[in-house]
Every structure is written in C-alpha cells, then in structure tokens.
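Enquirer: Position one of the sequence shown corresponds to residue 3 (the working numbering), numbered consecutively onward.
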Amino acid sequence: MIARTDLAIERDALGRFLPWIVAFMVYLASLALAGVLALDAMAQRWDHGVGGTLTVQLVPVKGEANDERIEAAIALLRETPQVARVQLIEASRIMALLEPWLGGVETLDDLPLPILIDVEVKPGAAIDRQELAKRLQASVPGTSVDDHRIWLEKLVRLIRTVQILALAIFGLALLACIGTVIFTTRTGLAIHHEAIEVLHLIGAQDSYVARQFAGRALSMGLRGGLLGVALAIPTLIGLVALTQRIEGGLMPEIVFSPTHWTVFVVLPVLAGLIAMLTARLTVMGALARMP
Numbered sequence: 003m004i005a006r007t008d009l010a011i012e013r014d015a016l017g018r019f020l021p022w023i024v025a026f027m028v029y030l031a032s033l034a035l036a037g038v039l040a041l042d043a044m045a046q047r048w049d050h051g052v053g054g055t056l057t058v059q060l061v062p063v064k065g066e067a068n069d070e071r072i073e074a075a076i077a078l079l080r081e082t083p084q085v086a087r088v089q090l091i092e093a094s095r096i097m098a099l100l101e102p103w104l105g106g107v108e109t110l111d112d113l114p115l116p117i118l119i120d121v122e123v124k125p126g127a128a129i130d131r132q133e134l135a136k137r138l139q140a141s142v143p144g145t146s147v148d149d150h151r152i153w154l155e156k157l158v159r160l161i162r163t164v165q166i167l168a169l170a171i172f173g174l175a176l177l178a179c180i181g182t183v184i185f186t187t188r189t190g191l192a193i194h195h196e197a198i199e200v201l202h203l204i205g206a207q208d209s210y211v212a213r214q215f216a217g218r219a220l221s222m223g224l225r226g227g228l229l230g231v232a233l234a235i236p237t238l239i240g241l242v243a244l245t246q247r248i249e250g251g252l253m254p255e256i257v258f259s260p261t262h263w264t265v266f267v268v269l270p271v272l273a274g275l276i277a278m279l280t281a282r283l284t285v286m287g288a289l290a291r292m293p
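#1: Once DSSP output is grouped into helix, strand and coil, what is the label at Ala-281?
#2: Does the Cβ of Leu-35 have 16 or more other Cβ atoms within 10 Å, making it buried, or fewer, making it exposed?
#3: With which residues is Thr-57 paired in a DSSP beta bridge?
#4: When DSSP labels each residue in this structure, what does Gly-250 get in the three-state scheme?
#5: Curious, which full-length alpha helix (DSSP H) runs of at least 4 residues does the segment 145–199 contain?
#6: Any heavy atom of the ligand NAP inside 7 Å of the beta-carbon of Ile-91?
#7: Just to confirm, is the Cβ distance from Ile-281 to Ala-206 under 8 Å?
#8: Using three-state DSSP, classify Val-115 as helix, strand or coil.
#9: Would you kindly report the start and end of the unbroken beta strand (DSSP E) that includes Gln-89?
#10: Return the residue from the list Leu-41, Leu-33 and Ala-135 that minimises the CA-CA distance to Pro-240.
#11: In whole angstroms, what is the alpha-carbon distance linking Thr-264 and Glu-133?
#12: Contact defined as beta carbons within less than 8 Å: I believe Ile-198 pairs with Val-211. What is the distance between those atoms, to the nearest angstrom?
#13: Which of the three DSSP states, helix, strand or coil, is assigned to Gly-230?
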C-alpha cells in the first residue's frame with residue numbers, strides 16, 4: 003500500500019476490473035494446485051500401501067486337502083528372506099471387499115473364490131517375483147503371484163501425467179495474471195503520461211512513480227486473490243465431501259492436510275506480490291524508454 007499518491011490511478015476504470023480477473027485466475031490456480039497436491043498424496047499412499055506387498059492366489063481344488071496346500075504355501079513364503087510378513091486373508095474379508103460390487107453373497111459356494119495370501123516385503127528388499135512364483139508353483143500347483151508393482155507403476159505414471167497438466171494450468175493462470183497486470187499498468191501509464199512528465203520536471207524519480215503503480219497493483223492483487231481463494235475453498239470442501247459419499251471405491255478419497263490448506267491461504271499474498279513486482283518492473287521499463 004502507499005500512503006500518498008500524486009497520480010489518480012485509483013480512478014482508472016480499466017484498473018477496477020483487475021481484482022476480478024486476478025480472482026478468476028487465483029480460483030483456477032487453486033483448483034489446479036489442489037489437484038496436484040491431492041494426486042501427489044494419493045500416489046504416495048498407494049506406493050506405501052501397495053508397492054511393498056504381493057498377493058499369492060491359490061485356486062481351490064475339489065477332492066484335495068486345501069488346508070495343507072495353504073500351509074505349504076505359507077511355509078515357503080516365510081522361508082523367503084525378503085518376506086517380512088505372511089497373512090492368510092479371511093474369507094469374510096474377501097466377501098466384504100466384493101459386496102459393494104456384487105451385492106450380498108450368503109455363502110462362498112455361490113462364487114468360485116480363490117484363496118488369497120497377503121505378503122509384505124521387507125523395506126528396501128529386492129525380491130525376484132518370477133522366481134518366487136516358480137517355487138510356489140513347483141511346491142503347490144495352482145498358485146500364482148500378483149505383483150501390485152506392475153499396475154501401480156502404470157497408475158503412478160498416469161497420475162504424474164495429470165499432475166503435469168494441472169501444473170500447466172497453474173502456470174497458464176499465473177502468466178495470464180501477469181499479462182493482465184502488464185496491460186493494465188501500461189494503460190495507466192498512457193493515461194497519466196502528462197502527469198508523469200510533470201512529476202519528472204519537479205524532480206520525481208522513476209522509482210517514485212513505479213512505487214505508486216506497484217502499491218495500487220498490490221492492493222488489487224490482494225483483493226482479487228482473497229476473493230479467488232474464498233471461492234475456491236468451498237469448491238474444494240464440496241469435492242472432498244462428494245468423494246467421501248461415493249461408495250464402492252469408485253473414487254479415490256481426497257484428503258488435504260493442514261499444510262495444503264496453508265498453501266491455499268498463502269495464494270492471495272503470492273498474487274499480490276506478483277502483481278506488485280510485475281507493475282513495478284513494467285513501469286521502470288517503460289519510463290526508462292521515455293525521452
């Protein structure tokens with residue numbers, strides 16, 4: 003802010019639209035940034051929760067002792083040095099996972115469900131999935147190893163691609179905001195050209211004139227930024243509530259930490275500072291070219 007101005011820049015009709023344009027850009031930037039943060043947290047959760055696990059699948063065979071086959075597979079897995087934990091997934095848990103998709107199933111006989119064993123790999127340990135699958139198949143026929151890392155890597159690549167697009171939207175909103183400030187500032191310079199020449203004649207420095215335009219841009223940037231974030235936060239809260247209401251795992255849960263919300267609160271300050279710096283550099287450059 004500036005305490006005193008010798009230019010009536012606050013009366014410029016064109017400059018009055020700047021806060022609304024900044025608000026729109028900050029709104030878009032907030033949504034894009036929220037997408038980047040949410041996708042990054044989602045990728046980290048999936049990588050931590052799924053990347054270090056394997057699932058061993060046993061197809062039940064009628065007429066054979068499936069309990070012995072399960073015990074043999076678990077014993078082989080526990081003998082593997084890279085394995086930290088082996089746990090048989092209860093049938094009730096499998097049914098609970100399938101119920102949102104298939105509805106209630108009263109007995110296991112209604113579906114030919116495989117027997118699943120959850121395997122947790124030691125942190126940092128490298129395990130040969132193919133070699134483990136061959137050992138299991140040789141010891142317990144009818145087994146297979148589901149490596150979550152394969153589809154997880156594809157999913158993470160997709161998330162990173164979407165993040166790049168979101169960052170591109172964030173960058174375009176930033177460039178549009180800067181371009182709007184430049185256009186508004188140059189228009190103000192043209193309108194007050196004669197007054198600026200008078201200030202130069204009485205000894206005013208270019209920095210003095212630039213400071214007045216920068217203060218005006220800071221004020222409008224802060225107001226526009228606050229309005230944009232004020233509109234973005236209810237939108238984000240609505241999206242979070244919407245994803246939490248969708249059942250069946252169709253939509254990943256969106257979670258924002260206190261750090262994320264702090265970033266959104268800082269956006270108006272960032273918008274004001276960018277507007278102020280852009281206006282100052284624009285004025286200093288234009289005045290330096292004046293005869």
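For glycine and all other residues, C-beta sits at the position ideal for the given N, C-alpha and C.
Since we're looking at a predicted model, the values are computed, not measured.
Expert: Let me lay it out:
#1: Translated into the one-based positions of the sequence shown, residue 281 becomes position 279. The three-state reading of DSSP puts Ala-281 in helix, counting H, G and I together.
#2: As a working mapping, residue 35 is identified with position 33 in the sequence shown. Under this definition Leu-35 is a buried residue.
#3: Taking the first residue of the sequence shown as position 1, residue 57 is located at position 55. According to DSSP, which records beta bridges pairwise, Thr-57 is partnered with Asp-120 and Asp-148.
#4: Here residue 250 corresponds to residue number 248 of the sequence shown, with the count starting at 1. Caution is warranted here: a pLDDT of 49 is assigned to Gly-250, below 50, making its placement in the model unreliable, and no coordinate value can be reported.
#5: Within the segment 145–199, complete alpha helix (DSSP H) segments of at least 4 residues are found at 150–193, given in chain order.
#6: Of ligands this structure carries none, so the ligand NAP is not represented either.
#7: The sequence position of residue 281 within the sequence shown is 279, counting from 1. The sequence position of residue 206 within the sequence shown is 204, counting from 1. Looking at the sequence shown, residue 281 is not Ile but Ala. Their beta carbons are not under 8 Å apart, which means Ala-281 does not touch Ala-206 by this criterion.
#8: Translated into the one-based positions of the sequence shown, residue 115 becomes position 113. The amino acid at residue 115 is misidentified as Val; the sequence shows Leu. The answer is coil: DSSP assigns Leu-115 none of H, G, I, E or B.
#9: One-based indexing of the sequence shown puts residue 89 at position 87. Judged by DSSP secondary structure, Gln-89 falls within the beta strand (DSSP E) whose first and last residues are 85–90.
#10: Against the sequence shown, residue 240 aligns to sequence position 238. Note on identity: in this sequence residue 240 is Gly, with Pro being the wrong assignment. If you compare the alpha carbons of Leu-41, Leu-33 and Ala-135 with that of Gly-240, the shortest gap goes to Leu-33.
#11: Translated into positions along the sequence shown, residue 264 becomes position 262. Translated into positions along the sequence shown, residue 133 becomes position 131. Cα to Cα, Thr-264 sits roughly 48 Å from Glu-133.
#12: By one-based count along the sequence shown, residue 198 stands at place 196. By one-based count along the sequence shown, residue 211 stands at place 209. Their Cβ separation, rounded to whole angstroms, is 6 Å, which keeps Ile-198 and Val-211 in contact under 8 Å.
#13: As a working note, residue 230 is residue 228 in the sequence shown. Note: Gly-230 maps to helix in three-state DSSP.
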